[in-house]
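**Q** Submitted below is the structure of interest, expressed as C-alpha cells.
Numbering (the working numbering), first residue to last: 54 to 214.
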C-alpha cells in the first residue's frame, strides 16, 4: 500500500514481471479501478522511498522502474540501469536524498532526477512538412515545405534534420 497525492493504492507485483494496481478506499477497504502493467520479465520487488518531498515506489527487476503520481495518475518511469535486485534509501551528509541500488555483483549509489515534463502542442501547417529544423540560439523549430531537399545543410542558424 502507498499514498500518492492523497490517493491510496494497493500495488501487487507478480513473479512474471507484471504488476496489478488498485485504488484503495482506506475507510471501507474496497479496491477499485484494477489495472495491470508489465514492469519486466522477472519477479519484481517494490520499495517505497521519498525524493524531493514526494513518495515514490522503486520497482526492482530486470527493467527497473520508478512509480510516482502526476496529476493524480500513476506514471511509470524507466531507470537507466539494466537490472536492480535491491534498493534502499540513503540519506547522509555525503549522500543526501540518494538511493543504494544493488545487483548480484555491484552496488550503485545515485539520485533520482526531477521528473521531466514533455509539453506537446498541435500546430496547423496546412501541408505535410518535408524537413523539420531547430534553431538552438532561439529555441525555435522551423518546417520546410515539400519542395525543400537540403538535408543536413545549415541555413541562417537552422540545422535541417
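Each residue gets a CB set at the ideal place from its N, CA and C atoms; glycine is no exception.
Predicted, not measured: the structure shown is a model, and the values here were computed from it.
Measuring only the C-alpha atoms, how far is residue 90 from residue 117?
**A** Computed Cα separation, rounded: 13 Å.
**Q** On a CA-only basis, which of 60, 137 and 62 is nearest residue 159? Give me that one, please.
**A** Checked all of 60, 137 and 62; the closest Cα to residue 159 is 137.
**Q** By how many angstroms is the C-alpha of residue 131 removed from the C-alpha of residue 74?
**A** Going by the C-alpha atoms only, they are around 18 Å apart.
**Q** Report yes if the C-beta distance between residue 140 and residue 152 is below 7 Å; otherwise report no.
**A** Yes, the pair counts as a contact, with Cβ atoms nearer than the cut-off.
**Q** When you compare the segment 93 to 105 with the segment 55 to 72, are there three or more beta-carbon pairs, one atom per stretch, that lie closer than 8 Å?
**A** The answer is yes - the segment 55 to 72 touches the segment 93 to 105, with three or more Cβ pairs under 8 Å.
**Q** Given residue 86, which residues of its chain have a CB within under 7 Å of its CB, disregarding the five upstream and five downstream residues?
**A** These residues qualify, in order along the chain: 75 and 76.
**Q** Use the C-beta contact count for residue 62: other C-beta atoms within 10 angstroms, 16 or more gives buried, fewer gives exposed.
**A** Looking at its Cβ environment, which holds 16 or more other Cβ atoms inside 10 Å, residue 62 is buried.
**Q** Please list, in chain order, all residues of the same chain as residue 144 whose beta carbon is under 8 Å from its beta carbon, the five residues on each side excluded.
**A** Closer than 8 Å at Cβ, skipping near neighbours: 150 and 151.
**Q** Hey, would you say the C-beta of residue 193 is under 6 Å away from at least one heavy atom of the ligand SAM?
**A** No copy of the ligand SAM occurs in the structure displayed, which carries no ligand at all.
**Q** By the three-class DSSP mapping on this structure, what secondary structure does residue 163 have?
**A** It is a strand residue.
**Q** With a threshold of 16 other CB atoms inside 10 Å of the CB of residue 80, please say whether the residue is buried or exposed.
**A** Exposed.
**Q** CB-CB under 7 Å to residue 108, same chain, minus the five flanking residues each way: which ones, in chain order?
**A** Hits under 7 Å: 55, 56, 57 and 101.
**Q** Are there 16 or more other CB atoms within 10 angstroms of the CB of residue 123, so buried, or fewer, so exposed?
**A** Result: exposed.
**Q** How far does the beta strand (DSSP E) with residue 111 in it reach, from first residue to last?
**A** Start and end: 107 to 113.
**Q** Leaving out five residues on either side along the sequence, give the residues of the same chain with a beta carbon under 6 Å from the beta carbon of residue 154.
**A** Contacts found: 137, 140 and 161.
**Q** Consult DSSP for residue 94 and reduce its assignment to one of helix, strand or coil.
**A** Coil.
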